[in-house]
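Student: Here it is: the structure, laid out below.
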Amino acid sequence: MKNLRLKLARVEKDMTQGDLADAIGVTRQTIGLIEAGKYNPSLSLCLSICHCLGKSLDQLFWEEPTNEKNCD
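For the sequence shown, this note's numbering gives the first residue as 952, with consecutive numbering after it.
Structure follows, in structure tokens:
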């Protein structure tokens, strides 16, 4: 699933994928893959992204379940 919240937060900070990548020490391609939903970042990388963009993990990465199942 695409991460449009990440892309929106990045654009709101007037940052390109390259700018964000440079700020947190990854490649532009990594940011592109995360935004495209083709790469699941580590918790450490998620926290770095959140810190750089001034957002919480919930704001950028939490997804509400679409099909709740009884987990009991």
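Note that the Cβ used here is the ideal one computed from N, Cα and C, for glycine as well. All of these numbers come straight from a predicted model, not from anything done at the bench.
1) Chain B beta carbons: is any one of them nearer than 8 Å to that of valine 962?
2) Report the CB separation of serine 993 from isoleucine 975 in whole angstroms; it is logged as a contact under 8 Å.
3) Determine the direct distance from the alpha carbon of cysteine 1001 to that of glycine 927, and round the result to whole angstroms.
4) Could you work out which residue in Asn991, Gly1005 and Ile985 is closest to glutamate 912 when comparing CA atoms only?
5) Between glycine 969 and arginine 979, is the Cβ-Cβ spacing less than 8 Å?
Tutor: Concretely, from the data shown:
1) Looking at the structure shown, chain B is missing, and only one protein chain is on hand.
2) 12 Å between Cβ atoms; not a contact.
3) Outside the shown range of the chain (952 to 1023) lies residue 927, about which nothing can therefore be said.
4) Since the displayed the chain opens at 952 and closes at 1023, residue 912 lies outside it and no answer follows.
5) yes
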